[in-house]
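**Q** Sharing a structure below in structure tokens format, with a few things to ask.
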Amino acid sequence: MQLNLPHVVAEVSAAFSAYERALADHDNFMINALFWQRPETVRYGVGDIQHGCDQIRAFRKTCPPVPQSRRLQRTVITTFGTDFATVSTEFISMETDQIGRQMQTWAKVGPDSQPEAGLHGGWRIVAAHVSQIDKP
Numbered sequence: 219m220q221l222n223l224p225h226v227v228a229e230v231s232a233a234f235s236a237y238e239r240a241l242a243d244h245d246n247f248m249i250n251a252l253f254w255q256r257p258e259t260v261r262y263g264v265g266d267i268q269h270g271c272d273q274i275r276a277f278r279k280t281c282p283p284v285p286q287s288r289r290l291q292r293t294v295i296t297t298f299g300t301d302f303a304t305v306s307t308e309f310i311s312m313e314t315d316q317i318g319r320q321m322q323t324w325a326k327v328g329p330d331s332q333p334e335a336g337l338h339g340g341w342r343i344v345a346a347h348v349s350q351i352d353k354p
């Protein structure tokens with residue numbers, strides 16, 4: 219298996235950037251589109267759990283926007299072959315004294331499976347986990 223092929227890292231980076239833009243813009247349509255539309259999709263939040271795309275969509279309807287002061291740091295993209303990747307990042311905000319941690323598992327499930335998400339090479343989030351800890 220080949221790790222971190224430059225063109226695959228670029229594809230995942232573009233998809234992750236689209237997700238982060240949608241999160242900052244509170245664009246729930248795009249956020250939902252970038253999640254795999256299957257019952258196997260899982261999202262564990264700071265104080266919530268969703269199993270399946272229907273639960274994730276319902277959760278998104280009730281979410282407030284992320285703080286505009288939210289900034290990413292220490293983002294690591296690791297790709298495995300051409301169809302699987304993880305994205306790990308930390309985030310900070312002037313709204314809290316905590317450090318957020320975000321882990322996403324991305325898989326290339328095919329560009330035609332969810333045309334509403336645009337191109338992004340067919341990459342979709344198949345699992346996500348968000349947590350927060352006190353700053354050291």
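In this text, residue positions in the sequence shown follow the working numbering: the first is 219, and each later residue adds one.
Virtual Cβ for every residue (Gly too), placed ideally from N, Cα, C.
Just so you know, these numbers come straight off a predicted model, no measurement behind them.
Can you give the Cα-Cα distance for residue 250 and residue 318, rounded to whole angstroms?
**A** Distance between the alpha carbons of residue 250 and residue 318 is about 21 Å.
**Q** Grab me the residues of residue 275's own chain with a C-beta within less than 6 Å of its C-beta, minus the 5 sequence neighbours each way, in chain order.
**A** Closer than 6 Å at the Cβ level, and outside the excluded window around residue 275, lie 250.
**Q** Does the distance from the CB of residue 341 to the CB of residue 233 come in under 8 Å?
**A** Yes; because the gap between Cβ atoms is below 8 Å, this pair is in contact.
**Q** Please state whether DSSP places residue 308 in a helix, a strand or coil.
**A** Three-state DSSP puts residue 308 in a strand.
**Q** Relative to the C-alpha of residue 264, which residue among 321, 236 and 257 is closest?
**A** Considering only alpha carbons, the answer is 321.
**Q** Helix, strand or coil, according to DSSP, for residue 321 in the structure here?
**A** If DSSP states are grouped into helix, strand and coil, residue 321 belongs with the strands.
**Q** Quick one: what does DSSP say residue 326 is sitting in, helix, strand or coil?
**A** Three-state DSSP puts residue 326 in a strand.
**Q** Considering residue 352, what are the terminal residues of the beta strand (DSSP E) in which it resides?
**A** That run of the beta strand (DSSP E) goes 341 to 352.
**Q** Could you give the first and the last residue of the continuous beta strand (DSSP E) run that contains residue 296?
**A** Start and end: 289 to 298.
**Q** With a CB to CB cut of under 6 Å and the five nearest residues on each side skipped, what residues in its chain are close to residue 272?
**A** No residues qualify anywhere along the chain.
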